[in-house]
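The next block holds one structure in the form of structure tokens; read it before the comments.
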Amino acid sequence: MAQALEIISDEDRYYRADNFPKGLTRKVVESISHIKNEPSWLTEFRLEAFKVFESKPMPSWGFFPNFKVNIDEYVHYIGANHKKKKSWDEVDPEVLKSFERLGIPEHERKYLAGIEAMEDSETVYANVKKELTDLGILFCDIDTAIREYPDIVRKYIGSVVSIGDNKFSALNSAVFSGGSFAYVPKGVKTPMPLQAYFKVTAASSGQYERTLLIAEDGAELEYSEGCSSVQDKGTNFHTAVVELIAHKNSKIFYTTIQNWKKNMYNWTVKRGLCHEAAHITWTDVNIGANTIKYPGIVLQGDNSTGDILSLAFAGSGQIQDTGARIIHVGKNTRSNILAKGVSLDGGINSYRGLVKFTTGSSNAYSHVKCDGLMMDDRSQSHAYPYNDVSGQNGTLNYEATVSRIDEDQLFYLQSRGLSEDDAKLLIINGFCEGVTKHLNVEYSVEMTRLIRMILEDGKVISEHSDSVVS
Numbered sequence: 001m002a003q004a005l006e007i008i009s010d011e012d013r014y015y016r017a018d019n020f021p022k023g024l025t026r027k028v029v030e031s032i033s034h035i036k037n038e039p040s041w042l043t044e045f046r047l048e049a050f051k052v053f054e055s056k057p058m059p060s061w062g063f064f065p066n067f068k069v070n071i072d073e074y075v076h077y078i079g080a081n082h083k084k085k086k087s088w089d090e091v092d093p094e095v096l097k098s099f100e101r102l103g104i105p106e107h108e109r110k111y112l113a114g115i116e117a118m119e120d121s122e123t124v125y126a127n128v129k130k131e132l133t134d135l136g137i138l139f140c141d142i143d144t145a146i147r148e149y150p151d152i153v154r155k156y157i158g159s160v161v162s163i164g165d166n167k168f169s170a171l172n173s174a175v176f177s178g179g180s181f182a183y184v185p186k187g188v189k190t191p192m193p194l195q196a197y198f199k200v201t202a203a204s205s206g207q208y209e210r211t212l213l214i215a216e217d218g219a220e221l222e223y224s225e226g227c228s229s230v231q232d233k234g235t236n237f238h239t240a241v242v243e244l245i246a247h248k249n250s251k252i253f254y255t256t257i258q259n260w261k262k263n264m265y266n267w268t269v270k271r272g273l274c275h276e277a278a279h280i281t282w283t284d285v286n287i288g289a290n291t292i293k294y295p296g297i298v299l300q301g302d303n304s305t306g307d308i309l310s311l312a313f314a315g316s317g318q319i320q321d322t323g324a325r326i327i328h329v330g331k332n333t334r335s336n337i338l339a340k341g342v343s344l345d346g347g348i349n350s351y352r353g354l355v356k357f358t359t360g361s362s363n364a365y366s367h368v369k370c371d372g373l374m375m376d377d378r379s380q381s382h383a384y385p386y387n388d389v390s391g392q393n394g395t396l397n398y399e400a401t402v403s404r405i406d407e408d409q410l411f412y413l414q415s416r417g418l419s420e421d422d423a424k425l426l427i428i429n430g431f432c433e434g435v436t437k438h439l440n441v442e443y444s445v446e447m448t449r450l451i452r453m454i455l456e457d458g459k460v461i462s463e464h465s466d467s468v469v470s
């Protein structure tokens, strides 16, 4: 008598979207791919990444051991069970309320750009304006891009940040869900910033968005994103991967304001690749969370250029380990790094940066400026620069300052009629201005409000003071 074949139903083989357990296993990875109905090549991509993740040890350098991250304590996929909406009227009122706090409706009115919003592991709202489509610009969430533009995604995903780059690039590659995709064709310029918002609401969960932005020859792409999370006692783990590809004579401008809760761990891998005469600018603002993040640029093509502008605030119980990585490969390449860190209420802020001139580069130039401002004698500010100059005729300038808020400046401003709180606000806004001046108007106004909230929370200034500083 022939033995009956065992038939395993999908319900037994895969987890339901709303019922993933804690921890990371092969079944978790396969279930995510199954829920998204992904092509086989992407399932294989995820499974290869899972093997790499398992093979690599947890990092033991820098501040990471202080974080005491246990990956098995988190749920790595949270199914939102929402279909994408085309209108704000279709969005669930509770979800809409959470996004209103981020100011998205205001941005929707003021910008004619496409907007993408992500709640936990899934995008719940996406709308691409006809103006973008008429220009041939593709802008959507990464899951949609995998279905509708698989050839482009397959060509570029993992090309700048490889699966094996580090343990957390492998983690993201295995379980990523949501994130942005943009493709700007040859010679086209985005008529306004493309925008995305990411929000974490589920306690003890991981969020792993994946962003892929491509500018073809002579194109110009401007992209802005905001991040936030619900304040609760449970920790969250966030690791994103962002890949930028700037082809010949193109430009990419990427801006992010990450306003996470304090009891969150944030390890994000961001890197861009510049071809001949291309340019990339990262503008990176970090508030909340314990963060490890070093946006990077590979200046591969001759005459390519790159800027990294970084601003981080470290408050009570926080470590902000941020910085930049720039690799000069081509000839006549130029780079600029400006890193600003504010430490208050016992927080720890550090700049960790790498500038490398490879042996094949020549006539490369890089300027690095890193400034730390401590608001009290309990806070810390560090700088860990690593400069490797191997090319011919290269020039690298590095300067760093660490200081307390200047009492003479405070006295002078108060003698001119400002209150002590307004004087502190003016000094700190001035300290941050080298980065914040590159934000668009709406983000700049938001940043000014956030700086006040940070200083109030850190007891640097009193709450609800009548300020004349905006």
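Note that the UniProt record's numbering gives residue 131 to position 131 of the sequence shown, counting from 1, and the numbers run on in steps of one. We treat Cβ as the ideally placed atom computed from N, Cα and C, and that holds for glycine.
Measure the beta-carbon distance from residue 281 to residue 302 and round it to whole angstroms, keeping in mind my assumption that it falls under 8 Å. Numbered from its first residue, the sequence shown carries residue 281 at position 281. Numbered from its first residue, the sequence shown carries residue 302 at position 302. With 8 Å as the limit, residue 281 and residue 302 do not qualify as a contact, their Cβ atoms being about 19 Å apart.
Would you call the segment 285 to 294 in contact with the segment 248 to 262, where contact means no fewer than 3 C-beta pairs closer than 8 Å? Between the segment 285 to 294 and the segment 248 to 262 there are three or more C-beta pairs closer than 8 Å, enough to call the two in contact.
Cα-Cα separation between residue 279 and residue 158, rounded to whole angstroms: Mapped onto the sequence shown, residue 279 falls at position 279. Mapped onto the sequence shown, residue 158 falls at position 158. Each residue's alpha carbon lies about 20 Å from the other.
According to the neighbour-count rule (16 or more other Cβ atoms, all chains shown, within 10 Å of its Cβ), is residue 401 buried or exposed? Reading the sequence shown from its first residue, position 401 is the one you call residue 401. With fewer than 16 other Cβ atoms within 10 Å, it is exposed.
Report, in whole angstroms, the separation of the C-beta atoms of residue 352 and residue 174, which I expect to be a contact under 8 Å. Sequence index remark: in the sequence shown, residue 352 carries index 352 (1-based). Sequence index remark: in the sequence shown, residue 174 carries index 174 (1-based). Actually they do not touch by this definition, with Cβ atoms about 26 Å apart.
Cβ-Cβ distance between residue 269 and residue 241 below 8 Å: Working through the sequence shown from its first residue, we reach residue 269 at position 269. Working through the sequence shown from its first residue, we reach residue 241 at position 241. With contacts defined by Cβ atoms closer than 8 Å, residue 269 and residue 241 form a contacting pair.
Beta carbon of residue 29, beta carbon of residue 20: below 8 Å? Taking the sequence shown and counting its residues from 1, one reaches residue 29 at position 29. Taking the sequence shown and counting its residues from 1, one reaches residue 20 at position 20. At a Cβ-Cβ threshold of 8 Å, residue 29 and residue 20 do not count as neighbours.
When the Cα atoms are used, what is the spatial distance from residue 226 to residue 76? On the sequence shown, position 226 is the one that residue 226 refers to. On the sequence shown, position 76 is the one that residue 76 refers to. Computed Cα separation, rounded: 21 Å.
Nonlocal neighbours in the same chain, by C-beta distance under 6 Å from residue 168, ignoring five residues either side: Here residue 168 refers to the residue found at position 168 when the sequence shown is read from its first residue. The answer, listed in chain order, is 239, 267.
Of all the CB atoms in chain D, is at least one closer than 8 Å to the CB of residue 390? The question asks about chain D, but that chain is absent: this structure has only one protein chain.
Does the beta-carbon distance from residue 79 to residue 35 come in below 8 Å? Within the sequence shown, the letter at position 79 stands for residue 79. Within the sequence shown, the letter at position 35 stands for residue 35. A contact, by the Cβ cut-off of 8 Å.
Unbroken alpha helix (DSSP H) run spanning residue 52, endpoints: As a working note, residue 52 is residue 52 in the sequence shown. 40 to 55 is the extent of the alpha helix (DSSP H) around residue 52.
Where does residue 508 sit, in a helix, a strand or coil, going by DSSP? Shown here, the chain extends from 1 to 470; a query on residue 508 therefore has no answer.
Closer than 6 Å by C-beta to residue 325: which residues in its own chain qualify, once you throw out the five before and the five after it? Chain order, please. As a working note, residue 325 is residue 325 in the sequence shown. The answer, listed in chain order, is 294, 296, 354.
Based on Cα-Cα distance, which residue from 185, 162, 330 lies nearest to residue 365? The count along the sequence shown starts at 1 and reaches residue 365 at position 365. The residue among 185, 162, 330 with its C-alpha nearest the C-alpha of residue 365 is 330.
Return the chain-ordered list of same chain residues with a C-beta closer than 8 Å to the C-beta of residue 25, the five sequence neighbours on each side being excluded. In the sequence shown, residue 25 corresponds to position 25, counting from 1. Here the set comprises nothing.
Counting only the same chain and skipping the five closest in sequence on each side, list residues whose C-beta sits under 7 Å from that of residue 444. What you label residue 444 is simply residue 444 of the sequence shown in a count that begins at 1. Excluding positions up to five away in sequence, the list reads 436.
When you compare each of 17, 144, 430 to residue 211 by their alpha carbons, which one comes out closest? Residue 211 sits at position 211 when you count from the first residue of the sequence shown. The shortest C-alpha separation from residue 211 is found at 144.
Using the Cβ count rule (16 or more neighbours within 10 Å means buried), how would you classify residue 304? Numbered from 1 along the sequence shown, position 304 holds the residue referred to as residue 304. By the neighbour-count rule (16 or more Cβ atoms within 10 Å), residue 304 is buried.
For residue 274, the nearest candidate out of 136, 255, 214, 224 (CA to CA): Residue 274 sits at position 274 when you count from the first residue of the sequence shown. Out of 136, 255, 214, 224, 214 has the C-alpha closest to the C-alpha of residue 274.
What runs of the beta strand (DSSP E), each 3 residues or longer, lie entirely inside the segment 290 to 339? Runs found: 290 to 293, 296 to 299, 305 to 314, 319 to 328.
List, from N- to C-terminal side, the alpha helix (DSSP H) runs of 4 residues or more that fit wholly inside the segment 208 to 266. As far as the segment 208 to 266 is concerned, it has no whole alpha helix (DSSP H) run of at least 4 residues.
Residues near residue 43 in its chain [Cβ-Cβ closer than 6 Å; skip 5 each side]: Walking along the sequence shown from the start, residue 43 turns up at place 43. Answer for residue 43: 33, listed in chain order.
Three-state class that DSSP yields for residue 439 in the structure shown: Numbered from its first residue, the sequence shown carries residue 439 at position 439. The answer is coil: DSSP assigns residue 439 none of H, G, I, E or B.
Which word fits residue 321, buried or exposed, when buried means at least 16 other C-beta atoms lie within 10 angstroms of its C-beta? Residue mapping note: residue 321 aligns to position 321 of the sequence shown, counting from 1. Counting Cβ neighbours within 10 Å, residue 321 comes out buried, since at least 16 surround it.
Three or more C-beta pairs below 8 Å linking the segment 422 to 432 and the segment 383 to 401: Flag = no, the segment 422 to 432 and the segment 383 to 401 do not touch.
Is it true that the segment 339 to 347 meets the segment 367 to 376, where meeting means three or more beta-carbon pairs spaced less than 8 Å apart? By the Cβ test, the segment 339 to 347 is in contact with the segment 367 to 376, since at least three Cβ pairs between them sit closer than 8 Å.
Specify the secondary structure class of residue 25 as computed by DSSP and reduced to three states. Residue mapping note: residue 25 aligns to position 25 of the sequence shown, counting from 1. Correct three-state label for residue 25: coil.
Given a cut-off of 8 Å on the beta-carbon distance, is the pair residue 461 and residue 425 in contact? Along the sequence shown, read from residue 1 onward, the residue named residue 461 stands at position 461. Along the sequence shown, read from residue 1 onward, the residue named residue 425 stands at position 425. Taking C-beta atoms as the reference points, residue 461 and residue 425 count as a pair closer than 8 Å.
Throw me the rounded Cβ distance for the residue 22 and residue 73 pair, which I believe falls under 8 Å. The sequence position of residue 22 within the sequence shown is 22, counting from 1. The sequence position of residue 73 within the sequence shown is 73, counting from 1. Approximately 6 Å separates the beta-carbon atoms of residue 22 and residue 73; this is inside 8 Å, confirming the contact.
Taking all protein chains shown into account, decide if residue 206 is buried (16 or more other Cβ within 10 angstroms of its Cβ) or exposed. By one-based count along the sequence shown, residue 206 stands at place 206. Residue 206 should be labelled buried.
Quick one: residues in its chain with C-beta nearer than 6 Å to the C-beta of residue 224, no 5 flanking neighbours on either side, listed in chain order? Working through the sequence shown from its first residue, we reach residue 224 at position 224. Taking C-beta separations shorter than 6 Å and ignoring five residues to either side along the sequence, the partners of residue 224 in its chain run 193, 195, 255, following chain order.
Would you kindly check if the distance between the Cβ of residue 188 and the Cβ of residue 138 is under 8 Å? Position 138 of the sequence shown, counted from the first residue, corresponds to residue 138. Position 188 of the sequence shown, counted from the first residue, corresponds to residue 188. Note that the C-beta distance between residue 138 and residue 188 is not below 8 Å.
Just to confirm before moving on: does the CB-CB distance between residue 257 and residue 285 stay below 8 Å? Position 257 of the sequence shown holds residue 257. Position 285 of the sequence shown holds residue 285. Going by beta carbons, residue 257 and residue 285 fall inside the 8 Å limit.
Beta-bridge pairing of residue 370 - partner residues as DSSP gives them: Indexing the sequence shown from 1 puts residue 370 at position 370. According to DSSP, which records beta bridges pairwise, residue 370 is partnered with 339, 400.
Limits of the unbroken alpha helix (DSSP H) element including residue 133: The count along the sequence shown starts at 1 and reaches residue 133 at position 133. Looking at the DSSP string, the run of the alpha helix (DSSP H) that includes residue 133 is 130 to 134.
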